[in-house]
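**Q** Everything in the sequence shown is counted per this note's numbering, starting at 616 for the first residue and increasing by one. This is the structure I have questions about; it appears just below.
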Amino acid sequence: MRRLQAIEFAVRSAFQIALVKVFGGPRTVPIPDWRERPYRVLFIRDDGIGDLIISMEILRAIKESSPTITLDLLCSPQNAAFGRTLPFVSEVIVHKRGPLVKAFGTWRQLRRREYDAVIDGRVAIGNVNTHTTALLLSTGARYRIGIAGRRNDRVYTIPVDAGKPAHWVDYLAALARPFGVEGDARDWRSRLTISDDDRAAAERTWSKIGPPHRGGGGGRPRVLVNISVGNSERFWQHERYAPVLRRLRERLPSATILISAMPSEQQVAERLAAPVRGAAIQLSFSEVTAIVATADLVITPDTAITHLASGFQTPTMALMRRDTGPWAPYRTPGRIVYGDIKRRLEPGLPPERVVAALDELIAEMGPSRGWI
């Protein structure tokens, strides 16, 4: 099997080399003076919402580096709606990854837009895959910017050495360097905001689900517990949340506990909520965003919610795989609880460890924040 995989990878790499030789133009080019004329720049971020959230300050920095830059964003169907909320992005192009032959329409659209520069924001994977290579080349852009040192990085005409920072946000920040923005020049925490209407709606939601024994009214702290993940490798067994929720209610008897879940897991969320006098409510992404912004504590596996919490600096207890440390909530107060094995949280993170981490977090933050 490994031999077949090696052969397949070699064939794909050879195909990418051929693509770059035929369509790539010069191997490297000097960084231009972005202020000398108008430049149209495309940033590729056609993956998850969380990936776009942690990239937003890099996008902002690139746009703000020169008034001559028009910045567009290539999004996936999953993160396009969020992309359209970013005031520094001019246009959002939606692209769903699939077989290369189905990407022809996107390639043609990108070529018609006549981009001067294109930036590969998909830096988390160890190689520049064929799909990304084709997207980069299809723009016809002279300046193709990406993180060097990964397999098949020859497609970049402006390769960037990111070094080995501890967090992926700092790794991403290297993409702003060709635009004159150094990594230590800015605070790369996502600057998220919500509207007054969304905040008021979130306040009403918290108030309605206040502890029944207090007659509602929204007890404090407000705790959001998310049990849903978009990637099965981040899943934590539902029944393991029960002892954590019990301990949460024991330590914080006046807390308002809200459990969020995807529609398919709503019944599970309701079963978990009932014994701890919590509530399970289906929320849209904008509603979840406002709930995170107005929460006092978030408990969640590694999902977009951890990155939302980072943007609002909401204290977070993140349940993560051991190999995902660089994706922990960025500069966020709270606790990170790691599972022992590489791929799934399910067998590798016992609830006893999460309960212990919860006790530590409450002991550390509770008195100063008025929780206890």
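C-beta: ideal position from N, C-alpha, C; glycine also. Source: prediction; values computed, not measured.
From residue 979 to residue 758, what distance separates their C-alpha atoms?
**A** Looking at the two C-alpha atoms, the distance is approximately 49 Å.
**Q** Give the range of the beta strand (DSSP E) segment to which residue 988 is assigned.
**A** No information on residue 988 is available, as it lies outside the stretch 616 to 987 that the chain covers here.
**Q** With 16 as the cutoff for other CB atoms within 10 Å, does residue 834 come out buried or exposed?
**A** It counts as buried.
**Q** Is residue 867 near residue 840, with beta carbons less than 9 Å apart?
**A** No. Outside cutoff.
**Q** Suppose contacts are defined by Cβ-Cβ distances below 9 Å. Is residue 732 in contact with residue 762 by that definition?
**A** Result no, Cβ atoms of residue 732 and residue 762 do not sit closer than 9 Å.
**Q** Helix, strand or coil: which one does DSSP assign to residue 657?
**A** Strand.
**Q** By the three-class DSSP mapping on this structure, what secondary structure does residue 916 have?
**A** Strand.
**Q** Considering only the alpha carbon of each residue, which of 668, 775 and 726 lies closest to residue 645?
**A** When only C-alpha atoms are compared, the closest one is 775.
**Q** Smallest Cα separation from residue 853: which of 836, 864 and 874?
**A** Nearest of 836, 864 and 874 to residue 853, Cα basis: 874.
**Q** Could you check where the alpha helix (DSSP H) with residue 909 kicks off and where it finishes?
**A** Element bounds for residue 909: 900 to 909.
**Q** Using the C-alpha atoms, what's the distance from residue 772 back to residue 641?
**A** About 7 Å.
**Q** Which residues mark the beginning and the end of the alpha helix (DSSP H) in which residue 969 is found?
**A** Note, residue 969: alpha helix (DSSP H), 966 to 984.
**Q** Classify residue 643 as buried or exposed, calling it buried when 16 or more other Cβ atoms lie within 10 Å of its own Cβ.
**A** So residue 643 counts as exposed.
**Q** How should residue 846 be labelled, buried or exposed, when 16 other C-beta atoms within 10 angstroms of its C-beta is the threshold for buried?
**A** Exposed, because fewer than 16 other Cβ atoms sit within 10 Å of the Cβ of residue 846.
**Q** Around the Cβ of residue 982, are there at least 16 other Cβ atoms within 10 angstroms (buried) or fewer (exposed)?
**A** Counting Cβ neighbours within 10 Å, residue 982 comes out exposed, since fewer than 16 surround it.
**Q** Please classify residue 702 as buried or exposed, where buried requires at least 16 neighbouring CB atoms within 10 angstroms.
**A** With fewer than 16 other Cβ atoms within 10 Å, it is exposed.
**Q** With a 10 Å radius around its C-beta and 16 neighbouring C-beta atoms as the bar for buried, classify residue 904 as buried or exposed.
**A** Buried, because 16 or more other Cβ atoms sit within 10 Å of the Cβ of residue 904.
**Q** With a Cβ-Cβ cutoff of 9 Å, do residue 889 and residue 916 count as a contact?
**A** Contact flag unset, no.
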